[in-house]
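Asks:
Number of protein chains: 2
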Amino acid sequence: MNYPNGSKQIPRSSQKLNSNETIFSNRGMTLEEDINATNDYYLDACLAVIHKKPTPVQIVKVDYPKRSAAVIKEGYFKQASTTDYNGVYRGKYVDFEAKETKNKTSFPLSNIHQHQVNHMKAVINQGGICFLIIRFAAFDETYLFQAHHLFEHWDNQFKGARKSIKYEQIRENGYFIPFAYQARVNYLSIVDQVYF
Amino acid sequence: MNYPNGSKQIPRSSQKLNSNETIFSNRGMTLEEDINATNDYYLDACLAVIHKKPTPVQIVKVDYPKRSAAVIKEGYFKQASTTDYNGVYRGKYVDFEAKETKNKTSFPLSNIHQHQVNHMKAVINQGGICFLIIRFAAFDETYLFQAHHLFEHWDNQFKGARKSIKYEQIRENGYFIPFAYQARVNYLSIVDQVYF
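Those sequence lines, one after another, are chains A and B.
Offset between the first sequence (1-based) and my numbering: plus 1119.
Offset between the second sequence (1-based) and my numbering: plus 1119.
1) Taking Cβ positions only, does His1234(A) come closer than 7 Å to chain B?
2) Closer than 6 Å to a non-hydrogen atom of the ligand MG - does that hold for the CB of Asp1311(B)?
3) For Ile1253(A), tell me which candidate among His1268(A), Gly1246(A) and Gln1245(A) has the shortest Cα-Cα distance.
4) Quick one, are the C-beta atoms of Val1168(B) and Gly1206(B) less than 7 Å apart?
5) Mapping DSSP to helix, strand and coil, what is Asp1274(B)?
6) Are any of the Cβ atoms in chain B nearer than 7 Å to that of Gly1247(A)?
7) Any idea which residues DSSP pairs Asp1182(B) with across the strands?
8) Per DSSP, what kind of secondary structure is Ile1296(B) in: helix, strand or coil?
9) What do you reckon, are the CB atoms on Pro1175(B) and Pro1175(A) nearer than 7 Å?
10) Just verifying my parser: in three-state terms, what is the DSSP assignment at Val1168(B)?
11) Are the Cβ atoms of Gly1293(A) and Phe1258(A) separated by less than 7 Å?
12) Looking only at C-alpha atoms, which of Val1179(B), Ala1188(B) and Tyr1183(B) sits nearest to Lys1197(B)?
13) What residues in its chain sit with their C-beta under 7 Å from that of Leu1162(B), if we drop five residues either side in the sequence?
14) In three-state DSSP terms, what is Ile1284(B)?
15) Indicate whether at least one CB of chain B lies closer than 7 Å to the CB of Ile1154(A).
16) Apply the 10 Å Cβ neighbour rule to Gly1279(A) and answer buried if 16 or more other Cβ atoms are within range, or exposed otherwise.
17) Quick check: the region 1145-1159 of chain B against the region 1150-1162 of chain A, are at least 3 beta-carbon pairs closer than 8 Å?
18) Applying the 10 Å Cβ sphere with the 16-neighbour rule, what's the burial state of Arg1281(A)?
19) Determine contact between the region 1224-1240 of chain A and the region 1216-1232 of chain B, defined as no fewer than three beta-carbon pairs at a distance below 8 Å.
20) Please report the distance separating the alpha-carbon of His1272(A) from that of Lys1171(B).
21) Does Lys1218(A) have its Cβ less than 7 Å from a Cβ in chain B?
22) Could you check if Asn1137(B) is buried or exposed, using at least 16 other CB atoms within 10 Å of its CB as the buried criterion?
23) Could you have a look at Ile1231(A) and say whether DSSP puts it in helix, strand or coil?
24) State the Cα-Cα distance for the pair Met1239(A) and Tyr1208(A), rounded to the nearest angstrom.
25) Between Gly1246(B) and Asp1214(B), is the Cβ-Cβ spacing less than 7 Å?
26) Which residues in the same chain as Lys1223(A) place their Cβ atom closer than 6 Å to its Cβ, once the five residues preceding and following it in sequence are excluded?
27) Give me, in chain order, the residues of the same chain whose beta-carbon lies closer than 6 Å to that of Ala1189(B); leave out the 5 immediate sequence neighbours on both sides.
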């Protein structure tokens, strides 16, 4: 397993805590909320400019009432053709998808779609930084998992391999993302270590 | 005025055409349609991965009919907090806003919002590539105008300067974007020249 340089933070499932020790737990916050808060902090601190893309909506019918805002009266959710998050960090393009699973033994590949994998491959091909952020909710552990590892598992599932990535493989090939008070999913600390 | 290296293409308003000469005109296509088609071509040709962000919508009410897709019954358009287009080209983060004007003498700064300028400044601060694509519809001319020039005009308008950028200044400080058959707004040819 890979740790950020000099970090002593370890996965919560491996921690032994005294009964009076404070736990900065993510419980109660979704991964998306944590990442959005992290990105807000990064932006305010001039560390990075990374945003979640809006949910794509097919708008069918709009009312334009006099003297008030246009109202969408009929719309449908469209499947996103890319990942959810992208932006710029130290001049580089950063792109990732974030997924939370309740599964305790593996990350099901059904969380990801083919067109997202296609997008991630195109990003890597252009020299962008691309990864998954995977949270195992049961352990409150969050990992950065590089796109090229995902591609292996993704492509192999069509050659008879399993349709999920084992928890142990994510621990082994991924990077545990430390919790920081202001950056709840402090993924830039891993990006610094892995990509720069 | 700046031209791409070796390009002989010149603004249409300066062109003298024989009566039987074919004009590859953009007329009839909006700037957004042209840029989307260009980005599709760039993606297919593995030249760049650049997408338009979905329009942000505040969803208020959703119906979930049995055996069919969820229907948004009430929603509102939200103001975008960033620019419309971003992505990766040769490892670098690329970010831009595209605006078309019918004005023949200047580009009104009212086309841009303060939060977009803030976003563009944050992008430049992180080393990203950031610009406007401005089309003068009357002349069918499209220009790449770098963000730092925009900032000058933007900031000066609050010190009593004009609230628009003169057409001549955009010709002078911007770059005429050539039309290509498959890349209708071939902005990467300018990005190559200016940023690499």
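The beta-carbon is built from N, C-alpha and C at its ideal position, and this holds for glycine as well.
Here the structure is a predicted model, which is why all the values come from computation and not from measurement.
Replies: Let me lay it out:
1) no
2) This structure does not include the ligand MG; it has no bound ligands of any sort.
3) His1268(A)
4) yes
5) helix
6) yes
7) Val1190(B)
8) coil
9) no
10) strand
11) no
12) Val1179(B)
13) Val1168
14) strand
15) no
16) exposed
17) no
18) exposed
19) no
20) 29 Å
21) no
22) Only weak support is given to the placement of Asn1137(B): the predicted model assigns it a pLDDT of 44, under 50, and the value that follows is read from those uncertain coordinates. It counts as exposed.
23) coil
24) 17 Å
25) no
26) Ala1257
27) Val1181 and Tyr1183
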